[in-house]
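Before any comments, here is the structure.
Number of protein chains: 2
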Amino acid sequence: MATLNGSQSTIKALLASDISICFGNPGTSEMHFLAALDQIKGIRCVLGLHESIVTGAADGYYRLSGKPAVTLLHLAPGLANGLSNLHNAKKANSGILNIVGEHATYHLKYDAPLSGDIEGVARPMSHWVKTSTDVDRVSHDAALAASIAKEKSGQIATLILPADVSWLSTEVISPAVDPMPLKRVEASVIQSIAKTIHQYKNVVLLLGGVALRGKALAYAGKIAEKTGCRILSEGQNARIERGHGRVAVQRLPFDVKGAQETLKDTQHLILIGAKLPIAFFAYPNLPSLLIPQNCEVFTLATHENFVELALEDLMVELGAQNIVEKTSVFTLNSMPTGDVNTDSLGQFLGACLPDNAIVVDEAVSTGRGFFKPTEQARQHDWLNSMGSSLGYALPVAIGCAIAQPDRPVVALVGDGSAMFSVQSLWTMARENLNVTVLIFANKAYKILKNELVSVGLTSPTQTALNMLSLSSPTLDWVSMAKAHGVEGFRVGKIEALVKIFNHCINQRGTQLIEVDL
Amino acid sequence: MATLNGSQSTIKALLASDISICFGNPGTSEMHFLAALDQIKGIRCVLGLHESIVTGAADGYYRLSGKPAVTLLHLAPGLANGLSNLHNAKKANSGILNIVGEHATYHLKYDAPLSGDIEGVARPMSHWVKTSTDVDRVSHDAALAASIAKEKSGQIATLILPADVSWLSTEVISPAVDPMPLKRVEASVIQSIAKTIHQYKNVVLLLGGVALRGKALAYAGKIAEKTGCRILSEGQNARIERGHGRVAVQRLPFDVKGAQETLKDTQHLILIGAKLPIAFFAYPNLPSLLIPQNCEVFTLATHENFVELALEDLMVELGAQNIVEKTSVFTLNSMPTGDVNTDSLGQFLGACLPDNAIVVDEAVSTGRGFFKPTEQARQHDWLNSMGSSLGYALPVAIGCAIAQPDRPVVALVGDGSAMFSVQSLWTMARENLNVTVLIFANKAYKILKNELVSVGLTSPTQTALNMLSLSSPTLDWVSMAKAHGVEGFRVGKIEALVKIFNHCINQRGTQLIEVDL
């Protein structure tokens, strides 16, 4: 067997583990790994100009492909830059394999400028962390990390690769490691929940994760049609399949009162890949838990279970397999006219979202009302931020467009959010990704202005207002696009938006539209 | 005594601790704190559109003012976004007080979207971390955190503030807590080192940290003048005072061979606020430690000591107090002409740096040769990245300009580095900061292209080259400046650079010059 270095053996193991893409921002400690990626072909390499782009792209790639990507990150600070989108990915149950370069093992004691506690940085946002210190074990560690990333509907695995382990020689190449299979839900649980649904009114199926896609969603629709129970989804979802031909699912409202109102008559809540409905934040006189006091909660399946099979079993148990579920039908309402506002934007999306679109939604305050008017849009997927750390949408759009290059990706982003990962535009341009970016430019962290009032500061002065305002100076998004090699447009009226959007959707490549609010 | 909430009592304690600035990017969990900043005046608030701007600005502010700033950060992901510049600040011994909002204590168990292990995220880049869970203790915790930030030449203190601790009532306001004083170096150490300097040739004083400023630097100059020992500085320095009227200090070269050559005859190395000279990275056939094998190493003072006093004691012990140290004299050489390259740029800086300039240097590959030709420039301070995580210069320039608003700040930044914290430009524009940004646009992570060859990949293909290239598309820095509200220029010849630079230096506010390489 030919002798390889540690990096080369790692890449062989990654290829055996069906890893085919690497998002990265490498530095010196990753040079052996990068050289190996160059020598052993089969893993596509995509550069991000900040690590939040790298990790966010891996999140988006997983949400659409179901496959972990590798990220290539530069020691503790490089990993740190990617943490906030790893936070979002972790909350979305996306599988990612981070490979972080480290100083040579013998060099660590000198505390060089880039030295840091990589394991410590990784741990809060990883399910699994390991520093690989033996060149004959490194390919196995990589295969193990890939399997961990695939388990439990997707996990974050972080493998730390010291430079000397990268450059030393080995003859060992590990085969792929099988991930632990998802657990099947026990028959007794299925039967008990079926009984509850059969017996009671005011039953809600709360769907989350993969329950909102494909057959699982159809099964839930059949169950609802047969038994009269309601279907809701969590307030934010990693990816929900909706629009024409899909079962329509109402989302739990974001605000405490709205969520309480939606759940007020619910006496039996069945969690299916979803978590207990709770408030996004606690407020002095509002509850954390949003279900009524007398509501009984059952768990059909968590992300550790085979959710689709659990829903199939439940459907069969309830005799709903031959029921035809109710699905949305695309309905072209009249085009909105005049001012751009939440209502007209919702109408616009309902009418104009192209068939098979991937919508990445980080329109924090502007977009709260977009869900209802797009229920009868053309068939599409809708992605939310699950960790709510700003700057998720643009990088996630990159990953989506790379995973499914023939589908149109539409990123809906507030100006404040977009600024957290604005460098994404460059990667979109470089990779010629099929993305239309809508920047909702309200020139503020608008959601926080409401929060400020709700904490009792009814007459804030400039001290506080300046910390929530994006004006003076106003960000110029057409120039921002141009700076990154992307074509940009600015619109102030909804008719112009419709026209430009349709133009953009019919072009390949990336375009940005600043929607001036 | 009037009743305050936890945030208000915290701010009173911060004011008592002489904290006067807050760089922040707050979210919902920080709204009570922001409201309190609005109600109790005295702390200036500066918004950054990404947390790396916030923490980097606090680093720059400390380097020029010697005072810790507060950063205001949003839970675990917000802190995570600021980590890489906290890494740089920690390595620079800059004092910073991070205040991180957290969910209400009773809400944590529900694992809301923004929940995360804040302490875990903070620990790798902090000297001190505490979650304050008692409203009657929170102002004391804040005062303690402020004192910790001031100790040992500056430390990173992270105080985590749960929302309910922010909003509950208290009557307790803590007075300031005295920081532990710096340790005075014992007389026996001074005497022993004086004896070595007196007795031997080939002695090097290796200066770092505050030893490179003010009286400390002058004392070192007198010692050198009297005894014939050499003065060197570490390869990177938090802030070095140089140019006209200052003792010239040669910097240890970055590359292993250059550093070894510089130190090759050194038999006695005296560390004064500096660490042992080591390689930036380990390479297969090069040493980690850069001093000759027979070199004896002594430590006069670390950052935990009163460095200036140690140098004064040493000077007196050597009878050098009445010696006049040799200092640089501003010499205006002829202006460079023609192409922009490392040599002509160095000449340009030597001639054109304005008096009293603050130079923030992150010109990673372009700027390696700038030090020598600026030795006889007008009087200025020169700041390096101490942690070498990219994206330090633009935020640090913000902090410098706020700490010393009447001095011209010149940021020297590679295009790759600048993209890690490009949002800084907006804060510069908003605060009308006196900063001239020079972007050295070589359209590559150029330093890494050399590294790739040094790991043995002599003929890389596009797979590797694309990961180190910033071309296709080319970043347009004039548009980038405009997007952020900053005036931008592009120059391709050195004459144009001289002209535009002089124009910019004579204006208030922020300008950006793209130097096309």
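Chains A and B supply the protein sequences, listed in that same order. Sequential numbering from 0 applies to the first sequence in numbering that gives the first Met the number 0. Sequential numbering from 0 applies to the second sequence in numbering that gives the first Met the number 0. C-beta: ideal position from N, C-alpha, C; glycine also. As the structure is a computational prediction, the values presented were derived from the model and not from experiment.
If distances are taken between C-alpha atoms only, which option among A/G213, A/P174, A/R489 and A/T132 comes closest to A/S146?
Residue 146 of chain A sits at position 147 when you count from the first residue of the first sequence. Closest option to A/S146, Cα to Cα, is A/P174.
Taking the alpha carbon of A/L344 as the point to measure from, which residue in A/K263, A/T298 and A/D515 has its own alpha carbon closest?
The count along the first sequence starts at 1 and reaches residue 344 of chain A at position 345. Answer by Cα proximity: A/D515.
Do B/I239 and B/L262 have their C-beta atoms within less than 8 angstroms of each other?
Here the question's residue 239 of chain B lines up with position 240 in the second sequence. Here the question's residue 262 of chain B lines up with position 263 in the second sequence. Contact flag unset, no.
Within the 8 angstroms Cβ cut-off, does A/L348 reach chain B?
Position 349 of the first sequence, counted from the start, is the residue given in the question as residue 348 of chain A. No - not a single Cβ of chain B is within 8 angstroms of the one on A/L348.
For the segment 97–113 of chain B, which residues have a beta carbon sitting closer than 8 angstroms to at least one beta carbon of chain A?
H102, A103, Y105, H106, Y109, D110, A111, P112 and L113
Chain-ordered neighbours of A/Q235 on chain B, where CB pairs are closer than 8 angstroms:
For this step, residue 235 of chain A is matched to residue 236 along the first sequence. Going along chain B in sequence order, the residues near A/Q235 (Cβ under 8 angstroms) are P112.
Enclosing alpha helix (DSSP H) for B/G23 [first to last residue]:
To locate residue 23 of chain B, count along the second sequence from 1; it is residue 24. Unbroken run through B/G23 is the beta strand (DSSP E), I20 to G23; no alpha helix (DSSP H).
Shorter than 8 angstroms from the beta carbon of A/A79 to some beta carbon of chain B?
In the first sequence, counting from the first residue as 1, residue 79 of chain A sits at position 80. At least one chain B Cβ lies under 8 angstroms of A/A79.
In the DSSP assignment, find the unbroken alpha helix (DSSP H) run with B/G213 in it and report its ends.
Numbered from its first residue, the second sequence carries residue 213 of chain B at position 214. Run containing B/G213: G213 to T226, per the alpha helix (DSSP H) assignment.
Relative to the C-alpha of A/E486, which residue among A/P25, A/Q154 and A/V436 is closest?
Your numbering for residue 486 of chain A matches position 487 in the first sequence. Measuring from the Cα of A/E486, the nearest candidate turns out to be A/V436.
Quick one, which residues of the segment 7–39 of chain B are near chain A if we go by CB-CB under 7 angstroms, in chain order?
G23, P25, G26, T27, S28, M30, H31, L33, A34, L36 and D37
For A/C161, which beta-bridge partners are listed by DSSP?
The residue given as residue 161 of chain A occupies position 162 in the first sequence. Position check: residue 161 of chain A holds Pro in this sequence, whereas Cys was assumed. In the DSSP output, where bridge partners are listed per residue, A/P161 has A/E101.
Distance between A/Y199 and A/S416 (C-alpha atoms, nearest Å):
As a working note, residue 416 of chain A is residue 417 in the first sequence. As a working note, residue 199 of chain A is residue 200 in the first sequence. Rounded to the nearest angstrom, the two C-alpha atoms are 43 angstroms apart.
Interface partners of A/V454 on chain B, CB under 8 angstroms:
Residue numbering aside, residue 454 of chain A sits at position 455 when the first sequence is read from its first letter. Those within 8 angstroms of A/V454 in chain B are M30, H31, A34 and W166.
So A/F253 is in the alpha helix (DSSP H); what residue range does that whole segment cover?
Counting from one through the first sequence, the residue named residue 253 of chain A turns up at place 254. Per DSSP, A/F253 belongs to no alpha helix (DSSP H) and is neither H nor E.
Short of 6 angstroms in beta carbon distance, which residues of its chain neighbour A/P541, apart from the five on each side in sequence? Order them along the chain.
Any question about residue 541 of chain A goes unanswered here, given that chain A covers just 0 to 516.
Let me know if A/H302 comes out buried or exposed under the rule of 16 or more other beta-carbons within 10 Å of its beta-carbon.
Mapped onto the first sequence, residue 302 of chain A falls at position 303. Per the 10 Å Cβ criterion, buried.
Here's the rule I'm using: 16 or more other beta-carbon atoms within 10 Å means buried, otherwise exposed. How should B/P67 be labelled?
In the second sequence, the residue the question calls residue 67 of chain B occupies position 68. Counting every other CB atom within 10 Å of its CB across the protein chains shown gives B/P67 a total of 16 or more, marking it as buried.
Mind checking which residues open and close the alpha helix (DSSP H) that includes B/E430?
The count along the second sequence starts at 1 and reaches residue 430 of chain B at position 431. That residue, B/E430, is in no alpha helix (DSSP H); it is neither H nor E in DSSP.
In three-state terms, what does DSSP make of A/K200?
By one-based count along the first sequence, residue 200 of chain A stands at place 201. For A/K200, the secondary structure class from DSSP, reduced to helix, strand or coil, is coil.
Euclidean distance between Cα positions of B/V328 and B/Q378
As a working note, residue 328 of chain B is residue 329 in the second sequence. As a working note, residue 378 of chain B is residue 379 in the second sequence. Taking the straight line joining both Cα atoms gives about 9 angstroms.
For B/A57, which of B/N87, B/F32 and B/H31 has the nearest alpha-carbon?
By one-based count along the second sequence, residue 57 of chain B stands at place 58. Answer by Cα proximity: B/N87.
For chain B, check one thing: does any of its Cβ atoms lie closer than 8 angstroms to the Cβ of A/S416?
Reading the first sequence from its first residue, position 417 is the one you call residue 416 of chain A. Nearest CB-CB separation between A/S416 and chain B: not below the 8 angstroms threshold.
Between B/D475 and chain A, is there a C-beta pair that is closer than 8 angstroms?
The residue given as residue 475 of chain B occupies position 476 in the second sequence. Cβ-Cβ to chain A under 8 angstroms: yes for B/D475.
Give a yes or no on whether the C-beta atoms belonging to B/I52 and B/P394 are separated by under 8 angstroms.
Position 53 of the second sequence, counted from the start, is the residue given in the question as residue 52 of chain B. Position 395 of the second sequence, counted from the start, is the residue given in the question as residue 394 of chain B. It is a contact, given that the beta carbons lie within the stated cut-off.
Check whether the Cβ atoms of A/P178 and A/E150 sit closer than 8 angstroms, and answer yes or no.
In the first sequence, counting from the first residue as 1, residue 178 of chain A sits at position 179. In the first sequence, counting from the first residue as 1, residue 150 of chain A sits at position 151. The answer is yes: Cβ separation under 8 angstroms.
Count the other C-beta atoms from every protein chain shown that fall within 10 angstroms of the C-beta of A/V323, then say buried if there are 16 or more, exposed otherwise.
For the purposes of this step, residue 323 of chain A is identified with residue 324 of the first sequence, where counting begins at 1. The residue is exposed, with fewer than 16 neighbouring Cβ atoms inside 10 Å.
Which residues in the same chain have their Cβ closer than 6 angstroms to the Cβ of A/V409, if we skip the five residues on either side of it in sequence?
For the purposes of this step, residue 409 of chain A is taken as residue 410 along the first sequence, with counting starting at 1. Answer for A/V409: A356, V358 and T435, listed in chain order.
Just to confirm the assignment: which complete alpha helix (DSSP H) runs, minimum length 4, are found wholly within the segment 57–144 of chain A?
You should have 74–90 and 117–121.
Under 9 angstroms (Cβ pairs) to chain A, residues found in the segment 412–441 of chain B:
G415, M418, F419, S420, V421, Q422, W425, A428 and R429
Chain-ordered chain D contacts of B/F279 [CB-CB under 7 angstroms]:
You won't find chain D in this structure, because its protein chains are A and B.
Quick one: give me the first and last residue of the alpha helix (DSSP H) that B/A376 is part of.
For the purposes of this step, residue 376 of chain B is taken as residue 377 along the second sequence, with counting starting at 1. Per DSSP, B/A376 belongs to no alpha helix (DSSP H) and is neither H nor E.
I'd like to know whether the C-beta of B/E486 is nearer than 8 angstroms to at least one C-beta of chain A.
Counting from 1 along the second sequence, the entry for residue 486 of chain B is found at position 487. By this cut-off, B/E486 is not an interface position.
At the 8 angstroms Cβ level, is A/N465 part of the contact set with chain B, yes or no?
Translated into positions along the first sequence, residue 465 of chain A becomes position 466. Yes - at least one Cβ of chain B is within 8 angstroms of the one on A/N465.
Would you say B/L205 and B/P276 are within 8 angstroms of each other, going by their C-beta atoms?
Numbered from its first residue, the second sequence carries residue 205 of chain B at position 206. Numbered from its first residue, the second sequence carries residue 276 of chain B at position 277. Their beta carbons are under 8 angstroms apart, which means B/L205 touches B/P276 by this criterion.
Within a Cβ cutoff of 8 angstroms, which residues of the same chain sit near A/L474, ignoring the five residues on either side of it in sequence?
Position 475 of the first sequence holds residue 474 of chain A. Excluding positions up to five away in sequence, the list reads D414, M418, A440 and K442.
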